[in-house]
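With the working numbering, you'll find the sequence shown wraps up at 181, consecutive numbering, no jumps. The structure under discussion appears below in the form of structure tokens.
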Amino acid sequence: MSTRKRKKRKKSQAMHLLEQIAGGPLTFGDLLLSIRLGEKMSQAQFAQHIGVSRSHLCDIEKGRKTVSPARAAKFARILGYGEAQFVRLALQSLVEEAGLHLRISVDAA
73 MSTRKRKKRK KSQAMHLLEQ IAGGPLTFGD LLLSIRLGEK MSQAQFAQHI GVSRSHLCDI
133 EKGRKTVSPA RAAKFARILG YGEAQFVRLA LQSLVEEAGL HLRISVDAA
């Protein structure tokens, strides 16, 4: 039996900063909110840009609604970001909503 040690990934400085601002682990809603505020866009403008209603965006940002991994990847492409982090946070939200105490990691194929 192999005794391989799992490498612990270090968080990027950007992730640490976002978690400090958010006051805890970053959620998918926090990620979208951070990007929207960084772009200095209103909820209505940002919602239109990513193709959802303003109220739906508000629900996502507040953690009242989750997003499928496919939709998270679509948002990443629209916004010009890599898909892995968006998908990881969307999956993490779904896992937490199910009451599971697991941490999700995603690697590009």
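C-beta: ideal position from N, C-alpha, C; glycine also.
By the criterion of a C-beta distance shorter than 8 Å, Q117 is surrounded by no residue of its chain, once the five residues flanking it on both sides are discounted. Check the Cα spacing between L98 and each of I176, F147 and G152: the tightest is with I176.
The region 148 to 166 makes contact with the region 98 to 109; the number of CB pairs closer than 8 Å reaches 3 or more.
Counting only residues of its own chain and dropping the five nearest sequence neighbours on each side, V178 has a CB closer than 6 Å to the CB of A156, V159 and R160.
Ranking R126, Q92 and G96 by CA distance to the CA of R108 puts R126 first. Under the three-state reduction of DSSP output, P97 falls in the coil class, being neither helix nor strand. Assignment of L103 by DSSP, reduced to helix, strand and coil, places it in the helix class.
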